[in-house]
Amino acid sequence: MLNMREKVNILEHELVPKHEIIPPEEALKILKELRIEPWQLPWISIDDPVVKAIGAKPGDIVRIIRKSPTAGISIAYRYVVVEVTKRT
Amino acid sequence: MIALEEQELKSVEDILEKIKPYVTAQIYIELSKKLREAVKKCNLKTEDVEKIAWEVVKRYHSAFIEPGEAVGTVTAQSLGEPSTQMTLRVFHYAGVREYNVTLGLPRLIEIVDAKKKPETPIMEIYLVDEIKQDLEKVKEVARRIECVYVENVTQELSIDYSSGVVVLKLDPEMLSDKDVTVEDVVDVLSKLEIGSIEVSSENPHEILINISEEYLDPFKMEKLKNMILQAYIKGIKGIKKTIIQRRGDEYVIVAEGSNLEEVMHVPGVDWRRVYTNDIHEIRRVLGIEAARAAIIKEIKNTLDDQGLDVDLRHIMLLADMMTWTGHIRQVGRMGIAGEKPSVLAKATFETTVQKLVESAVTGEEDSLAGVTENIIIGQLPPVGTGIVKVYMKLPLLESSEKGEE
Chain A
1 MLNMREKVNI LEHELVPKHE IIPPEEALKI LKELRIEPWQ LPWISIDDPV VKAIGAKPGD
61 IVRIIRKSPT AGISIAYRYV VVEVTKRT
Chain B
1 MIALEEQELK SVEDILEKIK PYVTAQIYIE LSKKLREAVK KCNLKTEDVE KIAWEVVKRY
61 HSAFIEPGEA VGTVTAQSLG EPSTQMTLRV FHYAGVREYN VTLGLPRLIE IVDAKKKPET
121 PIMEIYLVDE IKQDLEKVKE VARRIECVYV ENVTQELSID YSSGVVVLKL DPEMLSDKDV
181 TVEDVVDVLS KLEIGSIEVS SENPHEILIN ISEEYLDPFK MEKLKNMILQ AYIKGIKGIK
241 KTIIQRRGDE YVIVAEGSNL EEVMHVPGVD WRRVYTNDIH EIRRVLGIEA ARAAIIKEIK
301 NTLDDQGLDV DLRHIMLLAD MMTWTGHIRQ VGRMGIAGEK PSVLAKATFE TTVQKLVESA
361 VTGEEDSLAG VTENIIIGQL PPVGTGIVKV YMKLPLLESS EKGEE
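Top to bottom, those sequences are chains A and B. Take the first sequence: its position 1, counting from 1, is numbered 1 in this note's numbering, and each next residue is one higher. Take the second sequence: its position 282, counting from 1, is numbered 282 in this note's numbering, and each next residue is one higher.
Here it is in C-alpha cells:
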C-alpha cells in the first residue's frame, strides 16, 4: 500500500501557469516588437521541471499565460537558458 | 421597435470596432458584452455608447505606468514602510492553533532573503473530491503521510548494561493513534540487525532486544540508543505532524514539515492543489513560474495577516525581480542588489568598503546609467522627465537642407 504512487502531471498544478514554446518565426516577431535581444527577457533554466515537461530546448522562447489578479490574463515570455554559473 | 434595437446593436458593433486597437482583447470582450446588455436594458443612444466606449479607453490608458516612472524605488518604499509597522518578533499564534508559524517581519525577511529552508515549513494538503468530506478517510491519508519513528511510539527505553538487554516500552495510545502495530516496530528493529528481538511475555507492549556482542561497547551505547529511536517506521520523511482542519465544506490536512514531491504522489491527495510555504521546494518541483506565484501569495498573506494593505503590483514586481534569472535570488547583497552593474550602486547597499576595494582590484567601470549612482554624484537621475533625451532623425535633416537649396 505504501508503494502506491499517484501519477502526477505538474503542468496541471494550481500554481503552474500555462507554458508554451513559441515557434522561431513568431519569436523573432515578438522580439522585434519589444525591440530587445532574447537575453533581455526573463530567463527560465533548462533544468526547470516545467521546461523538461514541455520539452523546450536552450534558445527557445516560452510564452507564459498567467492568471493575474490585476489584469485578468497576462502574457510573459521567458528565454530558456543553460546553467553557466550556479547561484542562489 | 425590434428593428430599431437591431440597428442600435449594429452601431455598437461599429463603435467597438473603432476602439479595438486601443485596448487589450480581454477588455474588448468584456466591454462588448456589457455594452450590449446596457443597450438592451437602458435604451442608450448611439452617441452615449460611443462616449462610454471612449471613456473606457481613456481610463485604461491613464492606468498605464508613465515612461520613466521609478517603479523599483516606489516598490521598495511601498514594501519597506509597512514592514516598519509590523509586529516585531512574533512567532506564533499563542494558543490559538496547534502549530507554530513564522509570521510578520521574520517571515517577510525569510521570503525576501530567499532562505533555503523556512523556519517553520507548513504544507496544506487538499484531498480529492471523493474523500474530502469523509473524516475517517481523511484521517487515514493523514496517517499515511505523517512520518513515524520508533521514538514517536516509545514511552520508555532502558538499557541493562550488565546483560546487554534493551527494554523498549511502547505507548499503546500512540500506537493506535499512529496506526502502528507492535509487529511493525519489531520488523523495523530487526532490519537494524543489532541483535535478537522478542516481545515480552508479560507485557505485549514491551520489546526486549538482546544486543549482539559487537554493539556491547559501553561507549557506543548512546549511539545505539539513537539508532533505535531514530529507526524509520512509515510515512513521508520530513512531515513531523499532521493536523486535520475543516475549511468550508471539506477537510484539509495541515502538515508541519514539507516534502512536496512525495506528498503529491500519495493516493487520495489532490496533487493539483497541494501547497507548501517552502519556496525553494516549489521551484525544484513545480518550476520558476510556480515559485513566482508562491512568492506573491506568501508575501501577500504575511502582509494581510498584519492588516497591511500594499498594492499587489509592488509585490508582483518584487517576485519578478527575484525570479528573473530562472532561480530564486534574494533581495540583498548576494542577490539582486549585489548583481547591479554599477559599482557605486553596489557600494551603497551593504559592505561599502569591501565592494569599492573589490571593484578597484578588478578595474570595474561605472557608466552612471542608473538612479543610485547619479544621486550619489549629484547628477540628474534618469527618472521621470530626466529620462528624456533629444534625438534627431538624420535623414530628415538632410532632406530639409536639400529643400533649402
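Backbone N, C-alpha and C fix where the C-beta goes; we use that ideal spot for every residue, glycine too.
- Residues that residue 68 (chain B) contacts on chain A, provided the C-beta gap is smaller than 9 Å: Within chain A, no residue comes near residue 68 (chain B); the closest Cβ sits about 17 Å away, beyond 9 Å.
- Item | Residues that residue 123 (chain A) bridges to, as DSSP identifies them | Outside the shown range of chain A, which is 1 to 88, sits residue 123 (chain A), and nothing can be said about it.
- Query: In the region 194 to 231 of chain B, which residue ranges form an unbroken beta strand (DSSP E) of at least 3 residues, counting only runs that do not cross its ends?
  - Reply: 195 to 199, 206 to 211
- Message: Against chain B, which members of the region 10 to 23 of chain A pass a CB distance test of less than 8 Å?
- Response: 10, 12, 13, 14, 15, 16, 17, 19
- Query: Residue ranges of each beta strand (DSSP E) run of no fewer than 3 residues wholly in the region 240 to 314 of chain B, ordered along the chain?
  - Reply: 241 to 247, 250 to 256
- Message: Contact criterion: CB-CB distance below 7 Å. Does residue 358 (chain B) meet it with respect to chain A?
- Response: no
- Message: Taking 7 Å as the threshold (beta carbon to beta carbon), is residue 290 (chain B) in contact with chain A?
- Response: yes
- Message: Tell me the rounded alpha-carbon separation between residue 378 (chain B) and residue 389 (chain B).
- Response: 19 Å
- Span separating the alpha-carbon of residue 38 (chain A) from that of residue 59 (chain A): 8 Å
- Could you tell me if residue 70 (chain A) is buried or exposed, where buried requires 16 or more neighbouring beta carbons within 10 angstroms of its beta carbon? exposed
- In chain order, what residues of the same chain lie with their CB nearer than 6 Å to the CB of residue 278 (chain B), ignoring the 5 residues before and after it? 118, 121, 258
- Using DSSP with H/G/I as helix, E/B as strand and the rest coil, what is residue 377 (chain B)? coil
- List, in order along the chain, the chain A residues whose C-beta lies closer than 8 Å to that of residue 408 (chain B)? Chain B is shown from 1 up to 405; residue 408 (chain B) falls before or after that span and cannot be answered.
- Could one say the Cβ of residue 175 (chain B) lies closer than 7 Å to chain A's Cβ atoms, at least one of them? no
- Touch check for the region 165 to 183 of chain B and the region 286 to 300 of chain B: three-plus C-beta pairs under 8 Å? no
- Rounded to whole angstroms, what's the CA-CA distance from residue 236 (chain B) to residue 249 (chain B)? Just pull it up for me. 27 Å
- Quick one: give me the first and last residue of the alpha helix (DSSP H) that residue 143 (chain B) is part of. 135 to 145
- residue 95 (chain A) - partner residues in DSSP beta bridges: In the structure displayed, chain A extends from 1 to 88; residue 95 (chain A) sits before or after that span and is not available.
- Item | Alpha-carbon spacing of residue 79 (chain A) relative to residue 43 (chain A), whole angstroms | 5 Å
- What in chain B is Cβ-close to residue 58 (chain A), meaning under 8 Å? Neighbours of residue 58 (chain A) on chain B: none; closest Cβ ~11 Å, over 8 Å.
- Hey, is residue 39 (chain A)'s beta-carbon within less than 7 Å of any beta-carbon in chain B? no
- Considering only residues of the same chain and omitting the five flanking positions on each side of residue 239 (chain B), which have a CB-CB separation below 8 Å? 123, 145, 146, 147, 255, 256, 257, 258, 259, 263
- Message: Given 6 Å as the limit, tell me if residue 335 (chain B) has its C-beta closer than that to any heavy atom belonging to the ligand SAH.
- Response: No copy of the ligand SAH appears in this structure; indeed no ligand is present at all.
- Task: Just the chain B side, please: which residues come within less than 9 Å of residue 50 (chain A) by C-beta, in chain order?
- Result: 286, 287, 288, 289, 290
- Query: Looking at chain A, which residues of the region 304 to 326 of chain B have a Cβ within less than 8 Å of any of its Cβ atoms?
  - Reply: 312, 313, 316, 320, 323, 324, 325, 326
- Query: Residues of chain B with a CB under 7 Å from the CB of residue 5 (chain A): which are they?
  - Reply: 265
- Answer with yes or no whether the minimum CB distance from residue 55 (chain A) to chain B is below 7 Å. no
- Item | Alpha carbon of residue 47 (chain B) to alpha carbon of residue 366 (chain B), nearest angstrom | 57 Å
- Query: Can you find a CB in chain A that lies within less than 7 Å of the CB of residue 273 (chain B)?
  - Reply: yes
- Taking residue 81 (chain A) as the query, report the chain B residues whose CB atoms sit under 8 Å from its CB, ordered along the chain. 326
- Query: By how many angstroms is the C-alpha of residue 16 (chain B) removed from the C-alpha of residue 29 (chain B)?
  - Reply: 10 Å
- Query: So, helix, strand or coil for residue 158 (chain B), using DSSP?
  - Reply: strand
- Message: Measuring CB atoms only, is the region 44 to 54 of chain A touching the region 282 to 290 of chain B, in the sense that at least three cross pairs come out at less than 8 Å?
- Response: yes
- Message: Which residue wins for smallest C-alpha separation from residue 9 (chain A), given the options B:363, B:24, B:273?
- Response: B:273
- Message: Suppose the cutoff is 7 Å on Cβ atoms and the five residues either side in sequence are ignored; what does the same chain contact list for residue 380 (chain B) look like?
- Response: 374, 386
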